[in-house]
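For reference, the structure discussed in these notes is given below.
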Amino acid sequence: MSVQVIIGAQWGDEGKGKIVDMLGDQVAYVVRYQGGANAGHTIKFDGQTYVLHLIPSGIFHPGTMCVIANGVVIDPATLLEEIEAVRSKGAKPEQQLRVSGSAHLILPYHKQIDHAREKARGASAIGTTGRGIGPAYVHKTARTGLRMMDLLDAGNLETKLRHLLVEINAELKHLYGLPELRVESLMTDLLKQGEQLRPYICDTSDLLHTALEQKKTILLEGAQGALLDIDHGTYPFVTSSSPTSGGACTGTGLPPNSITTVTGISKAYCTRVGNGPFPSELHGPEGDKLRQFGREFGATTGRPRRCGWLDLVALNYAIKINGITELAITKMDVLNQFEQIKVCTAYRLNGELTTVFPKSPEELEKVEPMYSVFNGWKQELSDVRNREKLPEQALRFLNFIETETGVPVKLVSVGPDRSETIIVD
3 MSVQVIIGAQ WGDEGKGKIV DMLGDQVAYV VRYQGGANAG HTIKFDGQTY VLHLIPSGIF
63 HPGTMCVIAN GVVIDPATLL EEIEAVRSKG AKPEQQLRVS GSAHLILPYH KQIDHAREKA
123 RGASAIGTTG RGIGPAYVHK TARTGLRMMD LLDAGNLETK LRHLLVEINA ELKHLYGLPE
183 LRVESLMTDL LKQGEQLRPY ICDTSDLLHT ALEQKKTILL EGAQGALLDI DHGTYPFVTS
243 SSPTSGGACT GTGLPPNSIT TVTGISKAYC TRVGNGPFPS ELHGPEGDKL RQFGREFGAT
303 TGRPRRCGWL DLVALNYAIK INGITELAIT KMDVLNQFEQ IKVCTAYRLN GELTTVFPKS
363 PEELEKVEPM YSVFNGWKQE LSDVRNREKL PEQALRFLNF IETETGVPVK LVSVGPDRSE
423 TIIVD
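Shown next as structure tokens:
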């Protein structure tokens, strides 16, 4: 038995989808444990590119069961669209997909509130995707949310919805000047969606514990990244859930002592979407070059990502709070064209050097990154499948990461395709 957690070790968009997809045929279960359809996991194989938002990245491996666990918030309409999309590509979701009855719902009013709040914040906007994720988690924490299991009980659903809409409609009308919602129209859509989703809904915690008892291999897949964690990220410029390894336990019902490996996914550089501090961000031609060669545009929103050099202060912080035991370095090939490559190893804050990641966003905005500089390798890496076959400069880069973090690099992605990966024994 093994339980492996895949963690985004930066601000998200690290290439988790590719790594999970690549490992998917080696495990019995791939489990998504938090976030919503604001995540976009891109995978590529056999010349085709697929973008998944809710369904785990193992869905294209016929022998793998995919689970959307209790920590995820689900827009039922979006999930149904995605089920149809993967079915059209050859997957068999009826056999391969299960959804937690305890997962909370994203409803139309969550999206309306999300957009309205972002607009009201003006220059202080967080930069959400507008998918309703934050408001859905607010209602979950306030104990007023609806769950997937509620879709299967019409009477209970209507009673809860009528009670909820008193408060929701008051907020929509009086705070944001938006039209009120009617129970009847919501019920029609939700009951239809519930019947379509009924075959997938189950007690996924029990399912996973049975898998543990049967010594099955389980891969837990997070969305976003550790630096966007609601507790440990660059608050308030964070997501609304816990992408960290601790969130993997609460988001699935699996105990901490069941986890055997924590794999941190980090790009060979850094990106960030939305607002918030980003110490190693590049604003000139080098940042544009990273964005161009890395195709750094959001899989969900299409927004251009902010780009910068690899930040080891931030990465070491992510390693500590997650207990990361191994690293996967992605998008090494994006650096092929650079004469020089920089890596941030410390910050200068108030005239002093520090390797401690500041918790205050105001302090983090003030830091000056200190860099080590490497010569680029200036050659293609996409055909390399053995670490020792990498150019000397690329090896020096990876060795430096291992030395500075104390964590071994077990995977290196040298291209977007599933096959373009170096696995280190």
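The opening position of the sequence shown corresponds to residue 3 in our numbering, with each subsequent residue numbered one higher.
C-beta atoms are modelled at their ideal positions from N, C-alpha and C, and glycine is treated no differently.
In the structure shown, T241 falls within a coil segment according to DSSP collapsed to helix, strand and coil. Non-local beta-carbon contacts of G378 in its own chain, meaning distances under 7 Å to residues more than five positions away in sequence, involve L337, F340, E341, Q342, I343 and Q395 in chain order. In this structure, DSSP gives I321 a helical state, which the three-state scheme calls helix. By the neighbour-count criterion, in which 16 or more other beta carbons inside 10 Å mark a residue as buried, H141 falls on the buried side. Distance check between S104 and each of D205, V33, A39 and M67 places D205 closest, using alpha-carbon atoms only. S247 is classed as buried because its beta carbon has at least 16 other beta carbons within 10 Å across all chains shown. Here G296 carries a helix assignment [DSSP, helix/strand/coil].
Between the C-alpha atoms of L54 and D23 there is a straight-line separation of about 11 Å. Around the beta carbon of V358, fewer than 16 other beta carbons lie within 10 angstroms, which makes this residue exposed. A Cβ-Cβ distance of about 7 Å is found for the pair L56 and T80, placing them in contact under the 8 Å criterion. Distances from the CA of L159 to each of L177, L174 and V185 were compared; the closest alpha carbon is that of V185. Between R297 and I267, the alpha-carbon positions lie close to 18 Å from each other. The residue from Q226, M334, D77 and I45 with its alpha-carbon nearest to that of Q36 is Q226. In the three-state scheme derived from DSSP, where H, G and I count as helix and E and B as strand, N40 is classed as coil. Counting only residues of its own chain and dropping the five nearest sequence neighbours on each side, R149 has a CB closer than 8 Å to the CB of G103, S104, A105, H106 and L107.
V74 sits close to R34, with the two beta carbons spaced by under 7 Å. Leaving aside the five residues that flank G132 on each side, the residues in its chain whose CB is nearer than 7 Å to its CB run, in chain order, K113, D116, H117 and E120.
For the pair V315 and Y349, the CB atoms are nearer than the 7 Å cut-off.
Residue environment analysis places F280 among the buried positions, since at least 16 neighbouring C-beta atoms fall within 10 angstroms of its C-beta.
Nearest Cα to T219 within the set K20, G60, V29 and S415: V29.
Distance check between S260 and each of A127, H234, H211 and G289 places H211 closest, using alpha-carbon atoms only.
G235 and K361 have their C-alpha atoms spaced approximately 8 Å apart. Straight through space, the alpha carbons of R307 and A93 are spaced by roughly 30 Å. Between the alpha carbons of H43 and C68 lies a distance of about 14 Å.
Here C272 is bridged, per DSSP, to G310.
Look at P363 here: in three-state DSSP terms it is helix. For N388, no alpha helix (DSSP H) encloses it, and the DSSP letter there is neither H nor E.
Residue burial is scored here from C-beta neighbours: E169 has fewer than 16 other C-beta atoms within 10 angstroms and is therefore classed as exposed. Per DSSP, the continuous beta strand (DSSP E) segment holding G10 begins and ends at S4 to G10. For T356, the pairing in a beta bridge is given by DSSP as Y349. For E223, the pairing in a beta bridge is given by DSSP as I8 and R34. For T236, DSSP records no beta bridge to any residue. Residue pairing of R398 in beta bridges, as defined by DSSP: absent, with no partner found. As DSSP reads the structure, N377 sits in a beta bridge with Q342.
Judged by DSSP in its simplified three-state form, P371 adopts strand.
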